[in-house]
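Numbering (our numbering), first residue to last: 129 to 703.
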Ligand SMILES: Nc1ncnc2c1ncn2[C@@H]1O[C@H](COP(=O)(O)OP(=O)(O)OP(=O)(O)O)[C@@H](O)[C@H]1O
Ligand SMILES: [Mg+2]
């Protein structure tokens with residue numbers, strides 16, 4: 129585990145080394161104190177030497193203070209190193225996620241990523257801290273206490289020298305059983321988190337379908353499962369306690385029995401006996417600490433692996449070594465493109481050949497699930513083609529510098545959302561240095577200004593998480609404006625006007641036609657009206673291009689197109 133963590137601990141190297149040193153000093157004072165105590169009793173009090181008692185007493189206080197300071201200091205440094213390491217590893221994981229492709233996110237899933245970056249990272253930090261303290265303190269305390277005991281009275285020390293293997297055995301037997309349970313527990317936590325996150329993110333859906341009960345049941349089932357596993361694990365650990373106490377008390381009994389005899393015949397001081405008992409309890413404490421530590425360690429090593437997986441997952445979308453740094457124009461070409469989603473067998477796009485000239489308006493239409501969204505996601509390389517190639521400005525998209533390519537493309541995803549902040553901060557996603565005039569111009573172009581201008585605080589109007597304080601149509605217009613602010617060469621609108629009314633849709637189309645000259649505009653739409661003026665309309669059907677042409681041409685030659693058109697005309701006639 130620590131080999132894997134090494135790069136993240138590096139920054140706290142000095143802390144990580146200082147903390148154990150101080151720890152050892154603290155242990156040393158813990159060990160010497162009982163011995164001084166024994167001396168006070170056996171030499172000072174027994175001999176009636178007041179001076180000696182005061183001298184040793186002061187030394188004891190001094191040592192206790194020293195031990196306390198070292199202990200506090202080492203805790204402080206240990207915590208800094210532990211939680212610092214957690215922060216470092218979290219940072220690395222977060223940075224890695226930023227480079228993920230859509231396929232990576234499909235695979236690791238957002239809820240699991242969140243659990244890993246929070247719960248798992250927290251545990252790793254805690255155990256790193258414990259490793260610097262407990263894992264060092266316990267063995268040292270044990271070894272020193274043993275040495276002292278042997279030194280004071282070797283024969284008596286044999287008693288707990290005999291007990292230690294028994295304790296160690298109990299520890300091993302129980303941990304063997306507990307470790308797999310703790311690993312299991314981590315997985316169950318993941319399952320609970322997954323259901324909580326999914327149900328909360330979809331709380332509006334859950335409520336509108338009256339699925340609260342089912343949602344609660346799904347949660348309860350996993351919650352119960354986690355509880356049961358946790359109880360099983362804890363029960364095992366709890367079983368460890370009585371065993372330990374039993375052995376330790378038997379030990380103390382023997383020590384008192386034999387030690388008592390020794391004190392009576394005068395071969396041992398009563399102070400020594402007290403110190404002896406103190407050492408026994410220190411050894412027991414150390415064993416407790418070690419078992420706690422092992423438990424946490426096994427949980428944390430599972431967490432470490434989960435975090436390392438996040439960090440080491442690299443986007444399969446790689447950049448070339450000598451990427452093209454400029455997008456010449458907004459033309460787009462699909463050449464013999466085939467595509468399937470990673471992990472799925474069937475082709476989602478098949479044999480696609482298309483050419484969009486720079487500045488053209490392209491309409492894409494087709495039944496739901498006909499791969500329209502998938503098709504356009506190939507252009508900014510959200511996914512890579514399986515076969516064939518997609519070219520932008522005459523260059524294969526895989527040959528571009530990714531940032532350059534994506535800067536040239538304004539993409540409004542089908543389920544795009546706004547990010548919490550203000551309207552202005554959302555618009556700045558398109559361009560950090562955009563001025564208010566430019567924002568307002570984009571808002572006007574997308575018919576969003578008509579409602580934004582009514583807000584008293586205008587561009588400073590608050591946007592809640594996911595843009596939930598806007599209507600569907602308002603959100604769509606804002607997301608289009610955000611894409612326009614990038615001043616892209618290609619603008620892709622995936623079903624982006626589905627929620628705006630017909631009249632606004634018509635105004636939007638008019639402003640696109642007049643204001644977006646020179647920008648290749650690709651519009652995916654459900655309504656024929658949204659695309660009928662396009663230079664080229666593509667009809668998709670089951671992952672293939674069914675037909676392409678202008679509105680009039682398609683009415684002539686495409687049955688699918690005619691069907692869509694007719695059904696919508698009828699719909700209009702009825703309403
Ligand atoms: N991330 C994904 N992983 C696996 N399969 C996917 C993924 N996204 C879409 N699909 C599948 O690919 C097919 C095409 O989906 P796509 O979203 O491209 O359709 P669409 O034409 O945009 O539909 P709609 O009009 O409903 O938006 C569907 O069968 C869908 O199940
Ligand atoms: Mg779609």
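Ideal Cβ positions, reconstructed from N, Cα and C, are used throughout, including at glycine.
Quantities reported herein were computed from a predicted structural model and do not represent experimental measurements.
Where residue i sits in the DSSP three-state scheme
i           : result
residue 703 : Residue confidence for residue 703 is low, a pLDDT of 49 falling below 50, so the modelled location carries little weight; the figure read from the coordinates is stated next. Here residue 703 sits in coil by DSSP.
residue 598 : coil
residue 422 : helix
residue 300 : helix
residue 559 : coil
residue 648 : strand
residue 623 : coil
residue 457 : coil
residue 133 : helix
residue 709 : Past the edges of the chain, shown from 129 to 703, lies residue 709, and the structure says nothing about it.
residue 628 : coil
residue 476 : coil
residue 272 : helix
residue 463 : strand
residue 725 : Because the chain spans 129 through 703 in this model, residue 725 falls outside it and cannot be assessed.
residue 486 : coil
residue 339 : coil
Proximity winner among the options, relative to residue i (alpha-carbon distances)
i           : options               : result
residue 521 : 510, 537, 209 and 512 : 537
residue 326 : 344, 313 and 312      : 344
residue 408 : 681, 195, 278 and 636 : 278
residue 569 : 643, 585 and 554      : 643
residue 660 : 335, 677 and 669      : 677
residue 224 : 212, 245 and 239      : 245
residue 525 : 349, 329 and 455      : 455
residue 567 : 552, 578 and 575      : 552
residue 377 : 351, 405 and 397      : 405
residue 357 : 308, 153 and 334      : 308
residue 458 : 645, 688, 694 and 200 : 645
residue 606 : 664, 558, 372 and 197 : 558
residue 329 : 657, 692, 604 and 594 : 594
residue 298 : 237, 229, 375 and 275 : 375
residue 480 : 667, 162, 497 and 241 : 667
residue 452 : 548, 393 and 532      : 532
residue 771 : 615, 254, 669 and 596 : Examination of residue 771 is not possible in this model, given that the chain is present from 129 through 703 alone.
residue 543 : 494, 161, 535 and 603 : 603
residue 560 : 410, 610 and 269      : 610
residue 585 : 450, 550, 562 and 332 : 550
residue 382 : 315, 413, 198 and 291 : 291
residue 686 : 562, 563, 673 and 321 : 673
residue 288 : 411, 628 and 529      : 411
residue 546 : 657, 509, 572 and 599 : 599
residue 315 : 507, 582 and 354      : 354
Near ligand 3: residue i beta-carbon under 7 Å from a heavy atom
i           : result
residue 623 : Ligand 3 is absent from the structure shown, which contains only ligand 1 and ligand 2.
Rounded Cβ spacing between residue i and residue j (contact assumed at less than 8 Å)
i           : j           : result
residue 467 : residue 513 : 5 Å
residue 214 : residue 252 : 6 Å
residue 310 : residue 473 : With a Cβ gap of about 37 Å, residue 310 and residue 473 do not count as contacting.
residue 636 : residue 625 : 6 Å
residue 424 : residue 258 : 6 Å
residue 188 : residue 164 : 5 Å
residue 394 : residue 167 : Rounded, the Cβ-Cβ distance is 17 Å, inconsistent with contact.
_Restricting to runs no shorter than 4 residues, where is the alpha helix (DSSP H) found entirely within the stretch 195–270?_
The DSSP assignment places complete alpha helix (DSSP H) segments of no fewer than 4 residues inside the stretch 195–270 at 230–236, 238–243 and 249–260, in order along the chain.
_Report the start-end ranges of each alpha helix (DSSP H) in the stretch 489–555 that is 4 residues or longer and not cut off at the edges._
Those alpha helix (DSSP H) runs which fall completely within the stretch 489–555 and span 4+ residues are 500–505, 530–535 and 551–555.
*asked:* Quick check: the stretch 486–503 against the stretch 646–653, are at least 3 beta-carbon pairs closer than 8 Å?
replied: Cβ pair count under 8 Å is three or more, so yes.
*Just list the alpha helix (DSSP H) runs in the stretch 383–451, keeping only unbroken ones of 4 residues or longer that don't cross its boundaries, in chain order.*
The qualifying runs are 398–440.
*Identify every run of the alpha helix (DSSP H) within the stretch 653–681, keeping only runs that are complete inside it and at least 4 residues long; order them along the chain.*
As far as the stretch 653–681 is concerned, its whole alpha helix (DSSP H) runs of at least 4 residues are 656–659.
*Any 3 or more C-beta pairs closer than 8 Å across the stretch 587–594 and the stretch 617–630*: Judged by Cβ distances under 8 Å, the stretch 587–594 makes no contact with the stretch 617–630, as fewer than three pairs qualify.
*Three or more C-beta pairs closer than 8 Å, one from the stretch 214–221 and one from the stretch 165–178: is that the case here?*
Touching, no, given that fewer than three Cβ pairs across the two stretches are closer than 8 Å.
*Counting Cβ pairs, one atom from each stretch, are 3 or more of them under 8 Å apart for the stretch 142–152 and the stretch 204–213?*
Because the criterion of three Cβ pairs below 8 Å is met, the stretch 142–152 and the stretch 204–213 touch.
*Given 8 Å as the limit, is there contact between the stretch 254–266 and the stretch 443–457, that is, 3 or more CB pairs closer than that?*
These segments do not touch.
*asked:* Under 8 Å: do the stretch 512–521 and the stretch 456–471 share three or more Cβ pairs, one atom per stretch?
replied: Taking 8 Å as the limit for Cβ pairs, the verdict is that the stretch 456–471 does touch the stretch 512–521.
_Check whether the stretch 161–172 and the stretch 232–252 are in contact - that is, three or more C-beta pairs closer than 8 Å._
Counting Cβ pairs under 8 Å, fewer than three are found: no touch.
*So does the stretch 281–295 actually touch the stretch 426–438, counting three or more Cβ pairs closer than 8 Å?*
Flag = no, the stretch 281–295 and the stretch 426–438 do not touch.
*Just checking, does the stretch 365–377 make contact with the stretch 288–303 on the three C-beta pairs under 8 Å criterion?*
Counting Cβ pairs under 8 Å, three or more are found: they touch.
*Can you check the stretch 144–202 for any beta strand (DSSP E) of at least 3 residues that lies completely inside it and give the ranges in chain order?*
Within the stretch 144–202, no complete beta strand (DSSP E) run reaches 3 residues.
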